[in-house]
Amino acid sequence: MGEPAIAVDAAAVRIGRRTIWSGVSMRVQEGEFVALLGANGSGKSTLLKALLGALPAAAGQISVLGRPPGASSGAIGYLPQRRSFAQETRLRGSDIVRLGLDGDRWGLPLPFSWGRTASRGRAARRRVAEVIETVGATAYADRPIGELSGGEQQRLLIAQALVRRPELLLLDEPLDSLDLANQGSVAALVGEICRSEGVAALLVAHDVNPLLAYLDRVVYLARGHAVEGPVEEVVTTATLTRLYGVPVEVLRASDGRLVVVGQPEPPAHHHDRHGHGPHAGDPGHADAG
57 MGEPAIAVDA AAVRIGRRTI WSGVSMRVQE GEFVALLGAN GSGKSTLLKA LLGALPAAAG
117 QISVLGRPPG ASSGAIGYLP QRRSFAQETR LRGSDIVRLG LDGDRWGLPL PFSWGRTASR
177 GRAARRRVAE VIETVGATAY ADRPIGELSG GEQQRLLIAQ ALVRRPELLL LDEPLDSLDL
237 ANQGSVAALV GEICRSEGVA ALLVAHDVNP LLAYLDRVVY LARGHAVEGP VEEVVTTATL
297 TRLYGVPVEV LRASDGRLVV VGQPEPPAHH HDRHGHGPHA GDPGHADAG
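Numbered according to the numbering used here, the sequence shown terminates at residue 345, and the numbering increases by one at each position without gaps.
Structure (structure tokens):
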């Protein structure tokens, strides 16, 4: 194996005087699909922020694509947490994808001669069409994004994250608010992208069950610590019960699939937002993901 896309060694992150997690080590290799799992408030989104360079490590080392966090942002496709687009949003799905390619200069002329600009425009349209086809969204990409289902919108947002040919995908809760069928189809899509494009992917989720059939490795965060490794080694009754400190049962279905039962959702204990308003420190209003 070459240099990992993500390397975290005995790292810790603090917000104010509070340690969100510590002693966290993990690897994501090129072409691997890894899930970052844990209950609300366990620090999943905080870990993504650390990988993006938005939060410094208080201890240990973090490397992203062989460089310090934040130094390789152009090679990362990032899909943040989101809510559905308003129904009246008239931007087409293909326009949303195109924003991932040149949204930093959307509506502004490019500093090239006309011929070269036209050539670049054709290349951009080809790339947008190509990545829309990759995620299976060609049939509805020209419809207004607000008219599409949650699963259709999520495919187009994944296309937006892919359009610049990233080496690493960081996906923050892309299955949130989707029904079970769409959760499975989005998980399968990300797994196929990792295999076919050689892209490394780290996907944040609360529930591992829709992902298990497609993952190479898992990282569980709980009680300020983490356990990481191949699915068959980590997703076990003994390991998850020890990590969470409460009974968690892992069953094998008749078709061979693993199913996690009783995974706890404790109240959040960490938060990224600080203040003195009525919700300051209220885990229902701000947490570390």
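No residue lacks a Cβ here, since even glycine has one placed at the ideal position from N, Cα and C.
Item                                                                                                                                                              : Value
With respect to the alpha helix (DSSP H) encompassing Q239, which residues constitute its N-terminal and C-terminal limits?                                       : 236-253
How would you label L147, buried or exposed, when you count the other beta carbons within 10 angstroms and need 16 or more for buried?                            : exposed
For V242, which residues in the same chain have their Cβ closer than 8 Å to its Cβ, ignoring the five residues on either side in sequence?                        : G207, Q210, R211, I214, P230, L231, L234
Could you tell me whether the segment 249-268 touches the segment 65-81, using the rule of 3 or more Cβ pairs below 8 Å?                                          : no
Is T145 helix, strand or coil when you go by DSSP?                                                                                                                : coil
Please list the segments of the beta strand (DSSP E) lying wholly inside the segment 71-148, counting only runs of 3 or more residues, in order along the chain.  : 74-84, 89-93, 115-120, 132-135
Please list, in chain order, all residues of the same chain as T293 whose beta carbon is under 7 Å from its beta carbon, the five residues on each side excluded. : V304, E305, V306
Are the CB atoms of V90 and R273 within a distance shorter than 7 Å?                                                                                              : yes
Residues in its own chain within less than 7 Å of Q216 by CB, not counting five upstream and five downstream?                                                     : I152, V153, L155, G156
With a Cβ-Cβ cutoff of 7 Å, do V84 and A61 count as a contact?                                                                                                    : yes
Determine the DSSP secondary structure at G192, reduced to helix, strand or coil.                                                                                 : coil
With burial defined as no fewer than 16 other Cβ atoms inside 10 Å of the residue's Cβ, what is the status of E288: buried or exposed?                            : exposed
With a cut-off of 8 Å on the beta carbons, I'd call L314 and L271 a contact; round off their distance for me.                                                     : Contact flag wrong, Cβ pair sits at about 10 Å.
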